[in-house]
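Student: In the order they appear, the protein sequences are chains A and B.
Take 1 as the starting number for the first sequence in the UniProt record's numbering and just add one per residue.
Take 1 as the starting number for the second sequence in the UniProt record's numbering and just add one per residue.
Glycine residues also receive a C-beta, built at the ideal position from the N, C-alpha and C atoms.
Mind looking over this structure? Questions follow.
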Amino acid sequence: MAAEGDKFVYDPERNYDDATLAQIRVMENEIASQNNIVSERLSMQNLKDEYADADDVFKLKIKDLESRYHYMRRTRGDGNCFYRAFGFACLEMFLADSKNLPRFKDVAQKSRDELVSLGFPQFTIEDFHESFMDVIEKIEKQCSVTELSDIFNNQGLSDYIVVYLRLLVSGYLQKEAEFFVNFIEGERTVKEFCNQEVEPMGKESDHIHIIALTSTLGIPVRVEYMDRVDSSKCTQHNFPEDSQPSIVLLYRPGHYDILYSR
Amino acid sequence: MTSMEKRLQKELQALTKDPPAGVIVNTESVSQNMSEWIVDLYGAPGSLYDGEKFQLSFKFSPRYPFDSPQVMFIGPNIPVHPHVYSNGHICLSILTDDWSPALSVTSVCLSIVSMLSSCQEKKRPPDNAIYVKTCSKNPKKTRWFYHDDTV
């Protein structure tokens, strides 16, 4: 009907999937072309600019962040941001202070056999484990922050690291399944949750993922929550609660970036 | 060799050396083109597909294993199954949403064998006619809704 000229009319004989997926691809490419996977260090002014037109809740919270943090590093919003932010911040920390690096390397080294014993296919695990250890060896040899940044901005290498961190999370959740089953929504087993929400690329991370990764690697992290909650300060949360983390991530609903303390 | 070819080379070695029951990779197809494989699949003994032979086509993008492979049944015998359309497309979550780079050709084959083995009644998906008429040639371009894990 002519009167319905602009109105969407569903045609059951047509396939809309192609168009929808093409649209999703365009959005993904846009995100990819606009941002580095992990950015340079940016001053907090950069965050301020982003919220120039925002309301007071955000402005006050940025002021709060500015008083405690000097710089930030942005990560690409592709659903893997938590892993990239955590991975980068963690390895960068070891470049500055390698005291705990041998312990970290040892944990990473042993993780391969643990994952294989949980039933992950050996040769895919080996593949990802190898490239993860390669990066740790580069850190041991005191590569520059620029080199680390190059690794994280190389899509292939960067994704290899993300996959291994995802596998570590999955492995820990499955090992401690009896505990974590209480925190999983829907009628799913821990294994199903891992298959659906942890192992596939691009699946976003929640508290449970953070708890698993920080616990399995023994690297505590602080998260600053900047959301719409009516308060003049960001909410802080340490994982685990009684720790003194040297890594800080900024969380805004759906996204993680890295923060650097003053 | 690209990282995709290296990875597939390893998978091929593992699959030819130590193939799971009922899974045989057609090495001739692979020798011609590393990014397109044909795998023969045999219905498991005791299942509704006992004694039947099927063919799976695997296509890999340069982004494999970060991109899932495109997998469908081809050839004269397409299994009659509630999750397999008559054009060979398969509704299985690990082929799209739940794909992980830690999975492999072997794990995909095993999932498909297990999907066939647990079938109680040979029938096509309820929306087979409309789907086959309107879908894209590439099953990865379908937005699947995974609803029933029991068959």
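1. W99 of chain B CB to nearest chain A CB: under 8 Å?
2. Note down, in chain order, each residue of its chain lying with its Cβ closer than 8 Å to the Cβ of S111 of chain B, except the 5 sequence neighbours on either side.
3. Using a C-beta cutoff of 8 Å, does G156 of chain A count as contacting chain B?
4. For a test of the three-state rule: what should DSSP assign to Y260 of chain A, helix, strand or coil?
5. Could you tell me which residues DSSP puts in a beta bridge with F54 of chain B?
6. Using three-state DSSP, classify T216 of chain A as helix, strand or coil.
7. Check whether the Cβ atoms of P19 of chain B and F54 of chain B lie closer than 8 Å to each other.
8. Applying the criterion that 16 or more other CB atoms from any shown protein chain within 10 Å of the CB defines a buried residue, is L102 of chain B buried or exposed?
9. Are three or more beta carbon pairs between the stretch 41-54 of chain A and the stretch 214-221 of chain A nearer than 8 Å?
10. Is the CB-CB distance between R84 of chain A and V145 of chain A below 8 Å?
11. Evaluate the contact criterion for the stretch 103-115 of chain A versus the stretch 150-160 of chain A: three or more CB pairs, one atom per stretch, below 8 Å.
12. Taking only the alpha-carbon atoms, compute the straight-line gap between G171 of chain A and K191 of chain A and give it to the nearest angstrom.
13. Might you give, ordered along the chain, the residues of its own chain that have their beta carbon closer than 6 Å to the beta carbon of H129 of chain A, omitting 5 neighbours on each side?
14. Less than 8 Å separating the beta-carbons of I136 of chain A and K99 of chain A?
15. From which residue to which residue does the beta strand (DSSP E) around F239 of chain A run?
16. Counting only beta-carbon separations shorter than 8 Å, does D17 of chain A have a partner in chain B?
17. Within this structure, are the beta carbons of Y256 of chain A and F82 of chain A separated by less than 8 Å?
18. Which term fits T20 of chain A, buried or exposed, when burial requires 16 or more other beta carbons within 10 angstroms of its beta carbon?
19. Based on DSSP bridge pairs, tell me the residues matched to M115 of chain B.
20. Return the residues of the stretch 111-143 of chain A that lie within a Cβ-Cβ distance of less than 8 Å from chain B, sorted by chain order.
21. Counting only C-beta atoms, is S107 of chain B closer than 8 Å to chain A at any point?
22. Mind checking which residues open and close the alpha helix (DSSP H) that includes E66 of chain A?
23. Less than 8 Å between the beta carbons of V169 of chain A and A212 of chain A, yes or no?
24. At which residue ranges does the stretch 49-95 of chain B contain complete alpha helix (DSSP H) runs of 4 or more residues, listed in the order of the chain?
25. Rounded to the nearest angstrom, what separates L65 of chain A and K233 of chain A at their Cα positions?
Tutor: Concretely, from the data shown:
1. It does; some Cβ of chain A falls within 8 Å.
2. Closer than 8 Å at Cβ, skipping near neighbours: L92, I94.
3. Yes, because at least one Cβ of chain B sits closer than 8 Å to the Cβ of G156 of chain A.
4. It is a strand residue.
5. B:L41.
6. The DSSP-derived three-state label of T216 of chain A is helix.
7. The answer is no: Cβ separation not under 8 Å.
8. This sequence places Ala at residue 102 of chain B; Leu is not what is there. Taking every protein chain shown into account, the CB of A102 of chain B has 16 or more other CB atoms within 10 angstroms, so this residue is buried.
9. Below 8 Å, too few C-beta pairs join the stretch 41-54 of chain A and the stretch 214-221 of chain A to call them touching: fewer than three.
10. Annotated as distal: R84 of chain A and V145 of chain A, with beta-carbon spacing of 8 Å or more.
11. With the cut-off at 8 Å, the stretch 103-115 of chain A and the stretch 150-160 of chain A do not touch.
12. If you draw a straight line from the Cα of G171 of chain A to the Cα of K191 of chain A, it comes to about 9 Å.
13. The answer, listed in chain order, is R112.
14. Not closer than 8 Å, so no.
15. Per DSSP, the unbroken beta strand (DSSP E) holding F239 of chain A starts and ends at 235-239.
16. D17 of chain A counts as touching chain B.
17. Less than 8 Å divides the Cβ of Y256 of chain A from the Cβ of F82 of chain A.
18. The residue is exposed, with fewer than 16 neighbouring Cβ atoms inside 10 Å.
19. Answer is none; M115 of chain B lacks a bridge partner.
20. So the close ones are F120, P121, F123, T124, I125, D127, F128.
21. Chain A, which has a Cβ nearer than 8 Å to the Cβ of S107 of chain B, makes this yes.
22. Counted as a single uninterrupted DSSP element, the alpha helix (DSSP H) harbouring E66 of chain A occupies residues 56-68.
23. In this structure, A212 of chain A lies closer than 8 Å to V169 of chain A by Cβ.
24. Fully enclosed alpha helix (DSSP H) runs of 4 or longer: not present.
25. As the crow flies, the alpha-carbon of L65 of chain A is around 8 Å from that of K233 of chain A.
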